[in-house]
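*Asks:*
Residue numbers (UniProt numbering): 1 to 320.
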């Protein structure tokens, strides 16, 4: 008995593999915009003693992009991609499978052919977002540190070059397990409600764009892309201030930590830079969210259809 044919013969197995495919498509599509978002969210460097000039305004996304391309080259936009790409297949596979299990188990429908209710979808999304932070938080920590490394936020000696494994080892040696999971609380506060909004928006949008598709399928690629994009935008808008706080907390290294925690980071950021700082980089995040999540859901749905049809053909051949 072979593992993969039996695994893909189950709906859970197909959802797991399709989720991994979708996650990888999302990383490849959106990492450059994610690098811009992380850099835009960081506080300005401290003013040197004796300097009385007011700090300059933060650069726009377009200006920052031009500066990165001119000073560091296009490769800088993909710095840190190995960390999420190496883990996102498993992470996204788990997210979609856990969501599918929770949404079906929470539903009150008597027939398995009926789609889960929108309430079940939202609650399942919240549970999925809370569970996935255990995997996501360390991955995002390493990714953020690598993305900021080229911008002058060094965490090792100048001139050292290292990848995600070396960065994770370096963080663990300097800060221990607590350092690896720095930002876990704020990540959970961000992702739990955001995933509820995320899956609810996708299910609602695709049903509105293609009535009846939640029950019978058959939606077009355009419907998948637009519904996934809208889901990503809605989830980011509702959680973006927490994402700014999370990025700042995970960017700081022990023992030179600037913020003592979530509340302290929130208060100091607003006091020093004004309320708009909580929305800095939102335009870039929204653009990235539409591209990435359109790619994720389209790749997920297409992979699911392919695996289901391929599995059906395989089963027929075996029966014959």
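Heads up, the beta-carbon is just placed ideally off N, CA and C, and yes, glycines get one too. This structure is a prediction, so every number in the text was calculated from the model and none was measured.
Please classify residue 165 as buried or exposed, where buried requires at least 16 other C-beta atoms within 10 Å of its C-beta.
*Replies:* Residue 165 should be labelled exposed.
*Asks:* Below 8 Å, how does it come out for the region 61-72 and the region 123-135: are there three or more Cβ pairs, yes or no?
*Replies:* In short, these stretches do not touch, since the Cβ pair count stays below three.
*Asks:* Quick check: what's the CA-CA separation for residue 219 versus residue 274?
*Replies:* Each residue's alpha carbon lies about 44 Å from the other.
*Asks:* Use the C-beta contact count for residue 263: other C-beta atoms within 10 angstroms, 16 or more gives buried, fewer gives exposed.
*Replies:* With fewer than 16 other Cβ atoms within 10 Å, it is exposed.
*Asks:* May I have the straight-line CA-CA distance separating residue 234 from residue 133, to the nearest angstrom?
*Replies:* Approximately 19 Å between the Cα atoms of the pair.
*Asks:* Who are the near neighbours of residue 155 in its chain, counting only those whose CB is closer than 6 Å to its CB and skipping five residues on each side?
*Replies:* Note on residue 155: pLDDT 47, under 50, position unreliable in the model; no value is reported.
*Asks:* Please list, in chain order, all residues of the same chain as residue 301 whose beta carbon is under 7 Å from its beta carbon, the five residues on each side excluded.
*Replies:* Once the five neighbours on either side are set aside, the close Cβ partners of residue 301 are 224.
*Asks:* For residue 21 versus residue 88, is the C-beta distance shorter than 7 Å?
*Replies:* No, the Cβ-Cβ distance between residue 21 and residue 88 is not below 7 Å.
*Asks:* Would you please verify whether the beta carbon of residue 267 is less than 7 Å from any beta carbon of chain D?
*Replies:* Absence of chain D from the displayed structure is noted, only one protein chain being present.
*Asks:* Is residue 306 near the ligand NAD, judged by its Cβ being under 6 Å from some heavy atom?
*Replies:* Ligands in the displayed structure: none, and consequently the ligand NAD is not present.
*Asks:* With 16 other CB atoms within 10 Å as the buried threshold, where does residue 215 fall?
*Replies:* Classification of residue 215: exposed, given that the 10 Å Cβ count is below 16.
*Asks:* Just curious, the alpha helix (DSSP H) that residue 64 is in, first and last residue?
*Replies:* Residue 64 -> alpha helix (DSSP H) spans 61-71.
*Asks:* Quick check: residue 307 and residue 40, are their CB atoms within less than 7 Å of each other?
*Replies:* Result no, Cβ atoms of residue 307 and residue 40 do not sit closer than 7 Å.
*Asks:* Express the C-alpha separation of residue 257 and residue 228 in angstroms, rounding to a whole number.
*Replies:* Straight-line Cα distance between these residues: approximately 37 Å.
*Asks:* Distance, Cα to Cα, residue 197 vs residue 206?
*Replies:* C-alpha separation (whole angstroms): 14 Å.
*Asks:* Quick one: what's got a C-beta closer than 8 Å to residue 97's C-beta in the same chain, skipping five residues either side?
*Replies:* Correct list, in chain order: 12, 15, 16, 19.
*Asks:* Give the straight-line distance between the Cα atoms of residue 251 and residue 211, rounded to the nearest whole angstrom.
*Replies:* If you take the alpha carbons of residue 251 and residue 211, they lie about 44 Å apart.
*Asks:* Taking residue 281 and residue 79 to be in contact with their CB atoms under 8 Å, please state how far apart those CB atoms are, rounded to whole angstroms.
*Replies:* Contact flag wrong, Cβ pair sits at about 17 Å.
*Asks:* Shortest alpha-carbon distance to residue 189 belongs to which of 230, 238, 84, 5?
*Replies:* Of 230, 238, 84, 5, the residue nearest in Cα terms is 238.
*Asks:* Would you kindly report the start and end of the unbroken alpha helix (DSSP H) that includes residue 200?
*Replies:* Here the alpha helix (DSSP H) through residue 200 covers 184-209.
*Asks:* With 16 as the cutoff for other CB atoms within 10 Å, does residue 392 come out buried or exposed?
*Replies:* Outside the displayed range of the chain (1 to 320) lies residue 392, so it cannot be described from this structure.
*Asks:* Excluding five sequence neighbours on each side, which residues of the same chain lie with their C-beta closer than 8 Å to the C-beta of residue 153?
*Replies:* Confidence in residue 153 is poor, its pLDDT being 47 and thus under 50, which makes the residue's placement unreliable; the coordinate value appears in the next sentence. Hits under 8 Å: 42, 145, 251.
*Asks:* In or out: residue 173 buried (at least 16 other Cβ within 10 Å) or exposed?
*Replies:* Exposed, because fewer than 16 other Cβ atoms sit within 10 Å of the Cβ of residue 173.
*Asks:* Should residue 286 and residue 29 be called a contact, given that it needs their Cβ atoms to be closer than 7 Å?
*Replies:* Cβ distance not < 7 Å, so residue 286 and residue 29 don't count as in contact.
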